[in-house]
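>
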Amino acid sequence: MVTFERYHESGRRVGVSLLRFLGLEKSNAADEQRESRTVRRIAEQLERLPREQSRYLASFAYVLARVAQADLEVDESEVAEMERIVRDVAHLSASEATLVVQIAKAQAQHLGGTENYVVTREFRQAATAEQRAQLPECIYAVAAANGSITGEETSEIQRIAEELGFTRAEANALRSSYRDKLSVLRKPAR
Numbered sequence: 078m079v080t081f082e083r084y085h086e087s088g089r090r091v092g093v094s095l096l097r098f099l100g101l102e103k104s105n106a107a108d109e110q111r112e113s114r115t116v117r118r119i120a121e122q123l124e125r126l127p128r129e130q131s132r133y134l135a136s137f138a139y140v141l142a143r144v145a146q147a148d149l150e151v152d153e154s155e156v157a158e159m160e161r162i163v164r165d166v167a168h169l170s171a172s173e174a175t176l177v178v179q180i181a182k183a184q185a186q187h188l189g190g191t192e193n194y195v196v197t198r199e200f201r202q203a204a205t206a207e208q209r210a211q212l213p214e215c216i217y218a219v220a221a222a223n224g225s226i227t228g229e230e231t232s233e234i235q236r237i238a239e240e241l242g243f244t245r246a247e248a249n250a251l252r253s254s255y256r257d258k259l260s261v262l263r264k265p266a267r
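If you use the numbering used here, the sequence shown closes out at 267, no skipped numbers anywhere.
1. Under 8 Å: do the stretch 149–169 and the stretch 236–253 share three or more Cβ pairs, one atom per stretch?
2. Who pairs with LEU126 in a beta bridge, going by DSSP?
3. Nearest-angstrom Cα distance between SER131 and LEU176?
4. Residues in the same chain with beta-carbon distance under 7 Å from ALA171, minus the five sequence neighbours each way, listed in chain order, please.
5. Give me the Cβ distance between GLN184 and GLU173, rounded to the nearest whole Å; I'm assuming they're in contact under 8 Å.
6. Helix, strand or coil for SER253, going by three-state DSSP, please let me know.
7. Does LEU259 come out as helix, strand or coil in the three-state DSSP assignment?
8. ILE237 and THR197: beta carbons closer than 7 Å?
9. For ARG201 versus LEU251, is the C-beta spacing smaller than 7 Å?
10. Report the partner residues of ILE226 according to the DSSP bridge assignment.
11. Classify ALA206 as buried or exposed, calling it buried when 16 or more other Cβ atoms lie within 10 Å of its own Cβ.
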């Protein structure tokens, strides 16, 4: 570990880790603050729900948006499918589901790579085994909403499945039920 000396307010010399000095070393406060900015922002909009339920829903909606954003195009059919899923899963009103999806979509577009793993990990921690098992079906439904699942979306779904602890065989079994929507398996139009 790289350290250097600095002086405490009392004038005493102390050794400090370079990572800590730069704010890059994990601290106890950082460990306590595990939920990402994305999850907090969405959860704040769902104040009427219990805290754990809003954290679960926030991370769930973000992962849906993560898949829709994978090919850098989120079309209206994908947004409508995300809203339907969020509304059905969380028993929200249409306006609440729209709000949650819009925030999740904006966060996925702006923070994408930096938040993807963190939010998916939060989902895994907040969700029950049944809820985790439900998510892959939902993300495939979002990806297939516009009639075609792109290679980028397929890759992102595979990453999410791995982050959730699914084996490749389990992920492939679900993928096979969407075989007709996979763009890589479709014959080119003539």
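Heads up, the beta-carbon is just placed ideally off N, CA and C, and yes, glycines get one too.
Taking the geometry as given:
1. Short answer: they don't touch.
2. Paired residue(s): none; LEU126 is not in a bridge.
3. In this model, SER131 and LEU176 are separated by some 13 Å (Cα to Cα).
4. ARG164.
5. Contact between GLN184 and GLU173 is ruled out by a C-beta separation of about 17 Å, above the 8 Å threshold.
6. SER253 falls in the helix class under three-state DSSP.
7. Of the three classes helix, strand and coil, the one that applies to LEU259 here is strand, per DSSP.
8. For ILE237 and THR197, yes; Cβs fall inside 7 Å.
9. Here ARG201 is not near LEU251, since their CB atoms are 7 Å or more apart.
10. BP columns for ILE226 point to LEU259.
11. ALA206 counts as exposed, since fewer than 16 other beta carbons sit within 10 angstroms of its beta carbon.
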